[in-house]
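Residue numbering for the sequence shown follows my numbering, starting at 156 and increasing by one per position. In what follows, a single structure is set out as structure tokens and then discussed.
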Amino acid sequence: MRRSDRTLVWGALCLLSLAYACGSATSFGPAPSGSGSPTPPDAGQGPEAGTGDAGPDAGLPPDGGTPPDAGTGTDAGPPMGTRIQVPPDGHLYHGVFPAGLTNPDAGPAEPDSDISLDAADAYSAAVGRPLAYIYFSNEWFVSKAFPRFTAEAIRARGAVPFIRLHMRSQDRQLIADPLYTLDNINAGMFDADLRAWADGAKAFGTALVVQYGTEVNGDWNPWSAKYNGGYQVGPGKFRQAFRHIVEVMRAEGASNITWALHLNEENWPGDQPNNNAGAYYPGDDVVDWIGFSMYQNYGVNDPRCRDIGQLLADREAELGAAATAKPLFFFELGTSATSTQCEPGTWLRQTLDDLLGSRWPEIHGFAWWDETTADSSFVMDVPGSPILQQPFHDVLNGPLGTHLQDRPIAR
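Structural data, given as structure tokens:
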């Protein structure tokens, strides 16, 4: 999600003891204590931040809870295989980005991510279904190590860790990175770090989804073409960097990673012919999944009500053959409950109906961006937003809910 449209949430902490209590019965080995404490990606500091965590008073709808097969943090489901599979035709994975915070003096709580596992559990309970994957960022300005603690906690919940590999030296947007440029990546400057990360992923042992270059066809992140030589040469540098990262990690034996390319719903800027989804596609041999950020509205400062069906069609046209060669996903999905001009509850109900009803049969999964700012300039936190929670609960537990693939298929 773009910084210009939001400030990333600071949520409540999930203590290490709680994480283990939620999943210790099916843990796949002890999680290391880790070191360091991340700042959530692209976040500001101080009181402007909000909470992505519903908190203990969030409650459930009267008929809420979790269906018998859904599981909770204490029901991790069967052991996973080493590669996540695309769900069967007519079925979709369902995930979440549960915005949250670990601050530096919080002890051993979630030391290597920008999410709250409390928030993930609250979201799953609010919508009444389990999660196939949980989405979070690995910020290299915090730690270049594989984020094993958070990955373990996600796996203990029966979900696959979906990691945003954010190779950057700071969390500011709209500026060039002084260190992790595409040229430096392509020159092999960080190969030792990538090999160490791959060793951690390989040792983790079960399925992972990893993306590099979040929303590369936007201009807010440092891997975008604008900050790497401009739009004439930047897309080619990105393709090379993506390939390089994948090839280094594969050579290290991290075969449990499914590699994802994450594109924005809109090309930004839209008046640069070379800034389009297809220009950044690095090749069928290094991309397993393609996904998009799809937001109807970003909050009170955004007057637009986007047609995500049209945006999907536009990006598919730019991708060409890749759009049919690879499974497609909505890696981020959202709208703000405060954007009454867009009728967010009606839109959400229709969008979930469309997804589960196969309006877009090429879409194999979606993840909600579960976040709310302190000033409520945008509200996407489902447990705290009846306008959002009711459509989610109704559709996901209604007749179309049979089309959800609750547990990830991994072999």
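Ideal placement from N, C-alpha and C gives every residue a C-beta, glycine not left out. A quick note: this is a predicted structure, and the numbers were derived from the prediction, not measured.
Straight-line spacing of the CA atoms in D457 and A380 works out to 25 angstroms. For V388, the three-state secondary structure derived from DSSP is coil.
In this structure, A287 sits near A314, with a CB-CB distance shorter than 9 angstroms. Cα atoms of M156 and E370: separation of roughly 8 angstroms, rounded to the nearest angstrom. Here DSSP, grouped into helix, strand and coil, assigns H321 to strand.
Under the Cβ criterion (8 angstroms, minimum of three pairs), the segment 554-562 does not count as touching the segment 478-492. The C-beta distance from L466 to I445 rounds to 14 angstroms, too long to meet the 8 angstroms contact threshold. Distance from the CA of G408 to the CA of V365, rounded to the nearest whole angstrom, comes to 15 angstroms.
If you ignore the 5 residues before and after M535, its C-beta comes within less than 8 angstroms of the C-beta of G489, T490, S491, A492, W523, W524, D525, E526, T527 and L543, all in its own chain and listed in chain order. Under DSSP, T413 takes part in a beta bridge, and its partners are V364.
The DSSP assignment places complete alpha helix (DSSP H) segments of no fewer than 4 residues inside the segment 536-565 at 541-551, in order along the chain. Excluding its 5 nearest sequence neighbours in each direction, P333 has C-beta neighbours in its own chain below 7 angstroms: S324, listed in chain order. Nearest to Q545 by C-alpha distance, out of H249, T501, P243 and V251, is T501. Only buried fits I289, as 16 or more other CB atoms lie within 10 angstroms of its CB.
The C-beta distance from F547 to V282 rounds to 4 angstroms, short enough to meet the 8 angstroms contact threshold. Between the segment 325-344 and the segment 376-392 there are three or more inter-stretch CB-CB distances shorter than 8 angstroms, so the stretches are counted as touching. P499 carries a helical assignment under DSSP once its states are collapsed to helix, strand and coil. Residue environment: I318 is assigned as buried (16 or more neighbouring CB atoms within 10 Å of its CB, all protein chains considered).
Here the alpha carbon of E420 sits roughly 20 angstroms from the alpha carbon of R504. Counting along the chain, L337 sits inside no beta strand (DSSP E); it lies in the alpha helix (DSSP H) bounded by residues L337 to N341.
Relative to the Cα of A351, the nearest Cα in the group P554, R303 and N372 belongs to R303. In this structure V388 is exposed. Its beta-carbon is surrounded by fewer than 16 other beta-carbon atoms within 10 angstroms. In this structure, DSSP gives L507 a helical state, which the three-state scheme calls helix.
DSSP links Y248 through a beta bridge to G520.
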